[in-house]
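Quick note: the sequence shown uses the numbering used here, first residue 45, plus one each step. For glycine and all other residues, C-beta sits at the position ideal for the given N, C-alpha and C. Beneath this line is the structure, given in structure tokens, with notes to follow.
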Amino acid sequence: MSKIMEDPMKTLEMFPNLQKLSLSWDAFVGTEMRCTSSGFRQLRSLHLSMLTNLEKWWIDDGAMPNLLDLEISNCSKLEMIPNGLRSITTLKQLKILSMPGEFEGRSKW
């Protein structure tokens with residue numbers, strides 16, 4: 045396990061041909077992540093699982109313009125789905141699994 049403290053998205057979004065990304069089992073142990081407007085241009089699938097310290101996640105408008113599949117599971121401290129997700133019109137599948145009841149109640153949009 046890598047247990048990265050700094051936001052990994054800053055580096056990962058620089059890979060222009062990245063199409064699938066899975067962060068799990070506390071690969072990232074920080075509390076905040078941001079996907080910037082210029083990042084992840086080719087990303088199709090993103091899975092976040094067992095990131096037990098993640099509390100906040102921001103998606104800037106224009107980020108991940110080709111995202112089709114997003115799965116969030118077992119991120120027990122994540123407060124809500126990022127508002128920026130609304131601007132991703134390509135999203136076909138959103139899975140929210142094993143999240144606290146408070147999160148699932150706030151994830152309606």
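Counted as a single uninterrupted DSSP element, the alpha helix (DSSP H) harbouring Lys54 occupies residues Met53 to Leu56. Our two residues, Pro144 and Ser120, have alpha carbons roughly 6 angstroms apart in a direct line. Per DSSP, the unbroken beta strand (DSSP E) holding Lys64 starts and ends at Lys64 to Ser68. Cys79 has Ile103 as its beta-bridge partners, per DSSP. With a 10 Å radius around the Cβ and a threshold of 16 neighbouring Cβ atoms, Glu76 comes out exposed. Inclusion of Leu141 and Leu111 in the CB contact set at 9 angstroms is not warranted, their separation being larger than that value.
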